[in-house]
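Only one structure is covered here, and it is reproduced in the block below.
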Amino acid sequence: MKRVVLFFVFLSHSLLLLANNEVAPEGNKLIGFFLALLILTILLFSIKKRGDKTKTKKGRLFHQRNKIKIELEKDRMYYPNILKLKVTNRGNSDIDLDKPLLVFDNFWLKRKFKIKGIGKYSFYPLYLEKGATHSLKIDITRFYLHDKKLKKYPKIKVKLFNVNGKHLGSKSVYIRKTLIRF
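Quick note, the sequence shown lines up with residues 20 to 201 if you use the working numbering.
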């Protein structure tokens, strides 16, 4: 026991002597230390994530994905009247699609509309099985009748979410010529 105490006293005394001789810490060594620490934590998290491919609490596989393909086509090159939205479930699980969000974009201003269905029929939320395709024709003139200023917005974007609110994807088209493409 006495030897252990003497060892710690000698060690602390020598560390104090070394600390008194240094004037200031060197910046390069400090940055190198933090980079090594950052790389070590990233490696630990990646090893942990790679080993977690087993089942989660809900019983689904961790690597299960909800992947969809979104296509947005217009009937004319500029100033179209109808947009055709086509959604294909390419994932390995079924998904519930919430109402699509139609966004008219004018660089700084955005107008958002939720599409409920066609005519008097409301068919969202929509259950989309794996491998299934859903298509929807969107009449833009109805939105222009609602607000005349929307004709000046050059870009239209469609965003899709699942019922839980997770963003699944988006697609955009330009409906008129602009100088800036964003």
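We put the CB at the ideal spot given by N, CA and C, even for glycine.
Nothing here was measured: the structure is a model prediction, and the numbers come from that model.
I think residue i touches residue j, with their Cβ atoms under 8 Å apart; what is that distance to the nearest whole Å?
i    : j    : result
I157 : I134 : 7 Å
L169 : R130 : 6 Å
F52  : D117 : The Cβ separation is near 47 Å, so there is no contact.
I175 : S191 : 7 Å
P99  : K105 : With a Cβ gap of about 15 Å, P99 and K105 do not count as contacting.
G136 : F142 : 5 Å
L187 : I87  : 5 Å
Helix, strand or coil for residue i per DSSP?
i    : result
K196 : coil
F126 : coil
Y146 : strand
K48  : helix
I114 : strand
I61  : helix
I157 : strand
Could you tell me which residues DSSP pairs with residue i in its beta bridges?
i    : result
G136 : S141
Y98  : Answer is none; Y98 lacks a bridge partner.
E92  : K103
F180 : H186
T152 : T107
S191 : K176
L120 : K133, K178
Please name the residue in the options whose C-alpha comes closest to that of residue i.
i    : options                : result
P173 : D124, V182, H165       : D124
G184 : L120, F162, Y97, K105  : L120
Y146 : I58, N108, M96, H186   : N108
Y163 : H186, F132, D113, A55  : F132
L91  : K196, K178, V182       : K178
I89  : I114, T152, L128, S112 : T152
I159 : L56, Y140, S65, R95    : R95
W127 : K171, P144, K48        : K171
R161 : K48, L54, G138, L57    : G138
N111 : L56, E148, N47, F64    : E148
Just to check, is the beta-carbon of residue i closer than 7 Å to a non-hydrogen atom of the ligand NAD?
i   : result
I66 : Questions concerning the ligand NAD fall outside what the structure shown contains, since it holds no ligand whatsoever.
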